[in-house]
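Position one of the sequence shown corresponds to residue 70 (my numbering), numbered consecutively onward.
C-beta atoms are modelled at their ideal positions from N, C-alpha and C, and glycine is treated no differently.
All values reported here derive from a predicted model rather than from experimental measurement.
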Amino acid sequence: MRISVITFLILLSISSAHATADTNALHTALEESVNTVNNNLNTMRNSCIGISSDLNHLKILAGVGTGLSSAGTVSSGTAGVAGIIKHKSDKQAMELSAKDLWEQIHNNSKTNPTHTELSQDQVSDYETWFKSLTPTDADHKTNIAHTKQQLRQLTEAGQKGEKMGHLRTGTLATSAVLNIAGATVSGIDIKKNATITERISNCLNATQELSMALMQLKMNKNAYDADIANTSTPQQNFISDTEITNIQNIIDACNNWSTVDLSKIEKQAKAATVSNIVGAATSTTGAITSAISNTDANRLSGTDKEKNLNITSNTMTVGSTVAGITATIFNATQINKIKRAVTVADECEGALQTK
Numbered sequence: 070m071r072i073s074v075i076t077f078l079i080l081l082s083i084s085s086a087h088a089t090a091d092t093n094a095l096h097t098a099l100e101e102s103v104n105t106v107n108n109n110l111n112t113m114r115n116s117c118i119g120i121s122s123d124l125n126h127l128k129i130l131a132g133v134g135t136g137l138s139s140a141g142t143v144s145s146g147t148a149g150v151a152g153i154i155k156h157k158s159d160k161q162a163m164e165l166s167a168k169d170l171w172e173q174i175h176n177n178s179k180t181n182p183t184h185t186e187l188s189q190d191q192v193s194d195y196e197t198w199f200k201s202l203t204p205t206d207a208d209h210k211t212n213i214a215h216t217k218q219q220l221r222q223l224t225e226a227g228q229k230g231e232k233m234g235h236l237r238t239g240t241l242a243t244s245a246v247l248n249i250a251g252a253t254v255s256g257i258d259i260k261k262n263a264t265i266t267e268r269i270s271n272c273l274n275a276t277q278e279l280s281m282a283l284m285q286l287k288m289n290k291n292a293y294d295a296d297i298a299n300t301s302t303p304q305q306n307f308i309s310d311t312e313i314t315n316i317q318n319i320i321d322a323c324n325n326w327s328t329v330d331l332s333k334i335e336k337q338a339k340a341a342t343v344s345n346i347v348g349a350a351t352s353t354t355g356a357i358t359s360a361i362s363n364t365d366a367n368r369l370s371g372t373d374k375e376k377n378l379n380i381t382s383n384t385m386t387v388g389s390t391v392a393g394i395t396a397t398i399f400n401a402t403q404i405n406k407i408k409r410a411v412t413v414a415d416e417c418e419g420a421l422q423t424k
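Structure representation (structure tokens):
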């Protein structure tokens with residue numbers, strides 16, 4: 070009987086010692102998992118906090134790009150209207166008769182102090198002279214054509230056409246500058262986007278690491294709590310259920326980055342850049358051809374050269390307007406996608422700041 074009691078006490082002692090050893094192991098494992106979770110939280114803060122600010126800066130750049138593209142579109146649109154008015158005015162000037170040409174020029178000179186009224190005989194004599202101009206050789210023909218051209222340029226329609234030509238040239242040049250600026254901003258936009266994309270990738274990786282660490286912590290905590298419940302050992306509260314819930318909320322919020330495709334934002338930026346470059350090229354070409362067509366040597370000459378220059382300029386105006394509209398649409402679409410990313414960033418950073 071005495072031997073049985075001793076044996077029982079020895080077994081009880083061994084069992085107690087084993088239980089203590091298990092509790093210590095669970096204690097250590099839980100403590101380590103809590104430390105791992107805290108380290109992963111710090112990594113997440115470094116990786117995720119600040120992305121919202123970067124995205125807001127990206128949104129500002131996209132907004133600036135939209136404004137530049139819109140302004141470029143308005144400018145090229147104005148050039149288009151000026152080109153249409155110029156075409157009508159030039160056509161009117163080209164169709165004026167000899168008598169109409171002279172009377173308009175005479176009337177336009179009334180503000181001149183030396184102006185004197187012409188008699189009907191003088192007007193008739195001029196019209197007869199103008200009609201009788203028949204070239205006898207190439208040089209004579211060129212001189213006559215130049216004389217008629219100068220007369221057309223002095224008419225009201227001719228002067229209006231010249232003003233519209235200058236307006237077309239100036240607004241196309243402005244459109245070119247705005248499109249170049251838009252392309253530059255979009256280029257900065259793309260570089261900024263690449264940096265943000267890398268940061269978001271790091272944030273997602275850190276979120277996944279935290280998720281796995283939290284899963285291990287939950288398992289260790291459940292094992293530790295179950296062991297303590299069966300012993301008289303006082304429980305140590307390494308981490309509360311509320312804290313675990315907060316960490317899970319952080320993971321859920323930051324995991325939403327997986328639903329945001331930053332590559333689409335970059336594609337919109339690249340498309341806007343290309344459109345701005347096209348707009349800049351067409352505006353520049355249009356401005357150059359417009360300026361050449363509106364020189365004294367070409368304006369109202371009635372030659373194929375003048376006609377082709379005006380057609381080219383007006384065509385480039387249309388191309389610039391279309392490119393500007395396209396760039397504006399791409400920038401506006403980009404802004405909408407950035408807004409979605411900003412929402413995710415704000416929710417992720419907001420959750421991180423509560424823990």
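Range covered by the alpha helix (DSSP H) that runs through residue i
| i | result |
| --- | --- |
| Gly388 | Asp373 to Leu421 |
| Val329 | Per DSSP, Val329 belongs to no alpha helix (DSSP H) and is neither H nor E. |
Inter-residue spacing [alpha-carbon to alpha-carbon] between residue i and residue j
| i | j | result |
| --- | --- | --- |
| Ala338 | Leu124 | 14 Å |
| Ile249 | Gly146 | 17 Å |
| Lys406 | Met288 | 39 Å |
| Ser362 | Leu241 | 14 Å |
| Lys333 | Thr97 | 47 Å |
| Ser121 | Ala341 | 23 Å |
| Ala350 | Leu236 | 19 Å |
| Val143 | Thr390 | 8 Å |
| Thr216 | Leu223 | 11 Å |
| Ile265 | Asn379 | 46 Å |
| Ile43 | Gln218 | Residue 43 cannot be examined here, being either before or after the span of the chain that is shown, 70 to 424. |
| Thr311 | Ile257 | 44 Å |
| Ala295 | Thr314 | 20 Å |
| Ile297 | Asn104 | 21 Å |
| Lys128 | Asn108 | 32 Å |
| Gly371 | Ala214 | 9 Å |
| Thr423 | Gly239 | 56 Å |
| Thr276 | Glu100 | 21 Å |
| Leu110 | Lys408 | 26 Å |
| Leu80 | Ala420 | For Leu80, the predicted structure reports a pLDDT of 44, less than 50, and the residue's modelled location is therefore unreliable. The matter cannot be settled from this model. |
| Ile357 | Ile320 | 58 Å |
| His184 | Ala148 | Residue placement at His184 cannot be trusted, given a pLDDT of 48 that sits under 50; the coordinates are not used to answer. |
| Glu231 | Gly355 | 16 Å |
| Asp415 | His126 | 14 Å |
| Arg268 | Lys261 | 11 Å |
| Ala263 | Val387 | 33 Å |
| Gln173 | Glu225 | 7 Å |
| Glu335 | Ala360 | 37 Å |
| Gly93 | Asn274 | Looking at the sequence provided, one finds Asn at residue 93 rather than Gly. Their backbone Cα atoms lie some 32 Å apart in a straight line. |
| Asn377 | Asp365 | 16 Å |
Close beta carbons around residue i, own chain, < 8 Å, minus the five adjacent residues each side
| i | result |
| --- | --- |
| Arg221 | Ala162, Met163, Leu165, Leu170, Gly227 and Leu369 |
| Val106 | Leu279, Ala282, Leu283, Leu286, Ile308 and Ile316 |
| Glu375 | Ser362, Asn367, Arg368 and Leu369 |
| Thr402 | Gln337 |
| Cys272 | Met113, Ser116, Cys117, Ile120, Cys323, Trp326 and Cys417 |
| Asn318 | Ala420 and Thr423 |
| Leu331 | Asn262, Ile265, Thr266, Ile269 and Ala410 |
Contacting residues, own chain, Cβ-Cβ under 7 Å from residue i (five flanking each side not counted)
| i | result |
| --- | --- |
| Gly141 | Ser244, Leu247, Asn248, Gly251, Gly348 and Gly393 |
| Ile346 | Ala252 |
| Asn400 | Ala131, Gly134, Thr135, Ser138 and Ala341 |
| Ser255 | Gly134, Ala338, Ala341, Thr342 and Asn345 |
| Asp91 | Asp296 |
Cβ shell of residue i (< 6 Å), same chain only, five flanking positions each side left out
| i | result |
| --- | --- |
| Thr353 | Ala245 |
| Val329 | Ala410 and Val413 |
| Met233 | Ala151, Ile154 and Lys155 |
| Ser102 | Gln285, Leu286 and Asn289 |
| Leu95 | Ala292, Tyr293 and Asp296 |
| Lys229 | Ser158 |
Any non-hydrogen atom of the ligand ZN closer than 7 Å to residue i Cβ
| i | result |
| --- | --- |
| Leu378 | Of ligands this structure carries none, so the ligand ZN is not represented either. |
Cutoff 8 Å: residue i Cβ touching any chain D Cβ
| i | result |
| --- | --- |
| Ile129 | The structure shown has no chain D; it contains just one protein chain. |
For the segment 376 to 394 and the segment 321 to 330, state whether three or more C-beta atom pairs, one from each stretch, are separated by less than 8 Å. no
Cβ contact check for the segment 154 to 170 and the segment 389 to 403: 3 or more pairs under 8 Å: no
Just to confirm the assignment: which complete alpha helix (DSSP H) runs, minimum length 4, are found wholly within the segment 92 to 120? none
Runs of beta strand (DSSP E) lying entirely within the segment 282 to 322, each at least 3 residues, in chain order: As far as the segment 282 to 322 is concerned, it has no whole beta strand (DSSP E) run of at least 3 residues.
Hey, which unbroken runs of the alpha helix (DSSP H) at 4 residues or more fall wholly within the segment 222 to 264? Complete alpha helix (DSSP H) runs here, min 4: none at all.
Which ranges would you report for the alpha helix (DSSP H) in the segment 111 to 175 if only whole runs of at least 4 residues count? 120 to 163
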